[in-house]
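Peer 1: This is the structure, below, for whatever I ask next.
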Amino acid sequence: NLSHTEEILDAIFPGDPLLCVGKSTYEFATHHRKTWRGRLAALSLIVPSPMSTKYGRTLEGKRSEHCLDNTGARHFLVIEFDQGTRDQHAALIWHLQSEYLPLAMVLFSGYKSLHGWFYVKGIGENILKLFMRKAVVLGADPATWTRSQFVRMPDGLRDNGEKQTVFFFNPEVIK
42 NLSHTEEILD
52 AIFPGDPLLC
62 VGKSTYEFAT
72 HHRKTWRGRL
82 AALSLIVPSP
92 MSTKYGRTLE
102 GKRSEHCLDN
112 TGARHFLVIE
122 FDQGTRDQHA
132 ALIWHLQSEY
142 LPLAMVLFSG
152 YKSLHGWFYV
162 KGIGENILKL
172 FMRKAVVLGA
182 DPATWTRSQF
192 VRMPDGLRDN
202 GEKQTVFFFN
212 PEVIK
């Protein structure tokens with residue numbers, strides 16, 4: 042029952058990058074990793090790539106700590122399946138990693154789905170678009186294609202108190 046959020050984030054985001062995390066899509070902030078230390082396990086959402094700056098401009102021109110404009114280069118592409126059983130989600134994620142990209146982590150959403158975190162730093166967007174297309178054909182939610190999209194915090198807590206348990210973690214794929 043211990044949380045491993047801090048150790049996981051240290052492994053996937055080494056150093057002191059800017060991270061955008063939140064309790065909800067309306068309650069969030071962007072700070073350096075050291076500022077978040079010790080508080081991440083209680084949160085439910087994270088942008089799966091470091092932020093490039095603390096603030097950016099939304100498509101409507103408003104200043105925000107969470108928008109596409111201040112999201113840095115893609116480090117992870119998270120694939121989430123909403124339909125089917127957890128066993129089916131696991132099989133689809135395993136298929137994607139065995140055929141295409143390195144799988145760094147699989148976590149349970151705390152509700153119904155598994156989320157596969159694929160390490161994609163430095164891989165061209167054209168290759169990633171093809172990968173995402175394949176995942177969507179298999180039933181993945183296309184929303185996670187957006188670089189700034191919030192995803193579930195590894196070993197964090199949902200707003201209902203359910204833990205977002207990490208079932209698989211392979212830090213070796215992170216270069």
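The number in my numbering is simply the position in the sequence shown, starting from 1, with 41 added.
Think of the CB as a built atom: it goes at the ideal place given N, C-alpha and C, for glycine as much as any other residue.
Could you say which of SER150, ASN201 and PHE117 lies nearest to GLU166 if we only look at CA atoms?
Peer 2: Out of SER150, ASN201 and PHE117, PHE117 has the C-alpha closest to the C-alpha of GLU166.
Peer 1: Check whether the Cβ atoms of ASP196 and THR185 lie closer than 9 Å to each other.
Peer 2: Contact: no.
Peer 1: One question on the structure: do VAL161 and LEU155 come within less than 9 Å of each other, judged by their Cβ atoms?
Peer 2: No; because the gap between Cβ atoms is not below 9 Å, this pair is not in contact.
Peer 1: Assign GLY202 to buried or exposed, taking buried as 16 or more other Cβ atoms, counted over all protein chains shown, within 10 Å of its Cβ.
Peer 2: By the 10 Å Cβ count, GLY202 comes out exposed.
Peer 1: Please state if the CB of PRO58 and the CB of MET92 are separated by a distance shorter than 9 Å.
Peer 2: Closer than 9 Å, so yes.
Peer 1: What ranges does the beta strand (DSSP E) occupy inside the segment 56-99, keeping only unbroken runs of at least 3 residues that lie completely in it?
Peer 2: List check, beta strand (DSSP E) in window: 59-63 and 69-73.
Peer 1: Check the DSSP bridge columns for HIS156 and list the partner residues they point to.
Peer 2: Beta-bridge pairing links HIS156 to GLU121 and LEU148.
Peer 1: With 16 as the cutoff for other CB atoms within 10 Å, does HIS136 come out buried or exposed?
Peer 2: It is exposed - the Cβ of HIS136 has fewer than 16 other Cβ atoms within 10 Å.
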